[in-house]
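If you're matching positions, the sequence shown starts at 1249 in our numbering and goes up one per residue. Using N, Cα and C, we set each Cβ at its ideal position, and we do this for glycine too.
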Amino acid sequence: MEQSSLEATVDKVLVQKWIAEIGSDAPAAVPLLQAVQNEYGYLPREAMNIIVSETDISASQLFGVATFYSQFRLDPVGRFIIKVCHGTACHVSGADRINTALRQSLGIKDEKEDTARNGSYTIEDVACIGCCSLAPVMLIGDETFGNLKGADAQRSLKKHARQHGEFLPGHEEKRSEADAPEKKSPGKKKKEML
Ligand code: FES
1249 MEQSSLEATV DKVLVQKWIA EIGSDAPAAV PLLQAVQNEY GYLPREAMNI
1299 IVSETDISAS QLFGVATFYS QFRLDPVGRF IIKVCHGTAC HVSGADRINT
1349 ALRQSLGIKD EKEDTARNGS YTIEDVACIG CCSLAPVMLI GDETFGNLKG
1399 ADAQRSLKKH ARQHGEFLPG HEEKRSEADA PEKKSPGKKK KEML
């Protein structure tokens, strides 16, 4: 998968340090995976392999735990996470349209993917984040944006990207189309010559 370019470089010594501190038997699987995810934002395959080869935890045990708990991610994440609320109030107020607009700005076309190819942003669907009166709501990092329409979400993302020096692949594609010089129709030219 092309997303492998976003894979983190794993520090083997660091993983060995966690194993020494946390333990190397089955009950250590969850805290070890939490340590890995806290460091890299997801569970790089390389870190999982180190844990399997240097502990008594089998590959099936470790991958079983990693896939059982929703807190764990097996795919790389972007430098910023956008959390789109899909609780009831946000869902009925158009949360899906927020996802569609953000995916457009980020140029994410494959519905199985949630991270922009340039590693800038990851879109994550979350349950109610407790500010239903502002529905639909999204968070970029720690910042909350509410009462959104698709275009508002795109504008907020654009502003955030500008502030943090990030590039929005989908947005630029759209802008370059929009910025193309207007073609004069032959009919219009004729009129000008009269
Ligand atoms: S349902 Fe979205 S904030 Fe509560």
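### Task
Mind the definition here: the region 1287-1296 touches the region 1309-1326 only if three or more C-beta pairs lie below 8 angstroms; say whether that holds.
A contact exists between the region 1287-1296 and the region 1309-1326.
### Query
Going along the chain, which unbroken runs of the beta strand (DSSP E) with 3 or more residues stay wholly within the region 1327-1361?
1328-1333
### Message
Helix, strand or coil, according to DSSP, for P1373 in the structure here?
### Response
On the sequence shown, residue 1373 is found 125 positions in, with the first residue counted as 1. A small correction: the amino acid at residue 1373 is Asp; Pro does not occupy that position in the sequence shown. Correct three-state label for D1373: strand.
### Task
Work out the CA separation of G1271 and E1421 for me, nearest whole Å.
Position 173 of the sequence shown, counted from the start, is the residue given in the question as residue 1421. Position 23 of the sequence shown, counted from the start, is the residue given in the question as residue 1271. Any reading at E1421 needs caution, since the residue's pLDDT is 46, under 50, leaving its predicted position unreliable; the model's value is listed next. Distance between the alpha carbons of E1421 and G1271 is about 49 angstroms.
### Task
Identify the continuous beta strand (DSSP E) that holds F1393 and give its terminal residues.
Counted from its first residue, the sequence shown places residue 1393 at position 145. Here the beta strand (DSSP E) through F1393 covers 1391-1393.
### Message
Would you say the beta carbon of P1268 is closer than 7 angstroms to some non-hydrogen atom of the ligand FES?
### Response
What you label residue 1268 is simply residue 20 of the sequence shown in a count that begins at 1. For clarity, residue 1268 is Ala in the given sequence; the question names Pro instead. For the ligand FES, not one heavy atom lies less than 7 angstroms from the Cβ of A1268.
### Query
Going by DSSP, what residues sit across from T1363 in a beta bridge?
Working through the sequence shown from its first residue, we reach residue 1363 at position 115. In the DSSP output, where bridge partners are listed per residue, T1363 has T1370.
### Message
Measuring only the C-alpha atoms, how far is L1396 from R1321?
### Response
Walking along the sequence shown from the start, residue 1396 turns up at place 148. Walking along the sequence shown from the start, residue 1321 turns up at place 73. The alpha-carbon atoms of L1396 and R1321 are separated by roughly 27 angstroms.
### Task
Could you pull out every residue in the same chain whose Cβ sits closer than 6 angstroms to the Cβ of G1398, ignoring the five residues on either side in sequence?
Taking the first residue of the sequence shown as position 1, residue 1398 is located at position 150. So the list reads R1345, A1349, once near-sequence residues are dropped.
### Message
If the criterion is Cβ atoms closer than 8 angstroms, does the pair I1299 and V1263 meet it?
### Response
Here residue 1299 refers to the residue found at position 51 when the sequence shown is read from its first residue. Here residue 1263 refers to the residue found at position 15 when the sequence shown is read from its first residue. A contact, by the Cβ cut-off of 8 angstroms.
### Where I1299 sits in the DSSP three-state scheme
Here residue 1299 refers to the residue found at position 51 when the sequence shown is read from its first residue. Of the three classes helix, strand and coil, the one that applies to I1299 here is helix, per DSSP.
### Query
CB-CB under 7 angstroms to P1417, same chain, minus the five flanking residues each way: which ones, in chain order?
Sequence index remark: in the sequence shown, residue 1417 carries index 169 (1-based). Within the same chain, Cβ atoms closer than 7 angstroms to the Cβ of P1417 are found at L1354, G1355, A1364, R1365, N1366, the five residues on either side in sequence being excluded.
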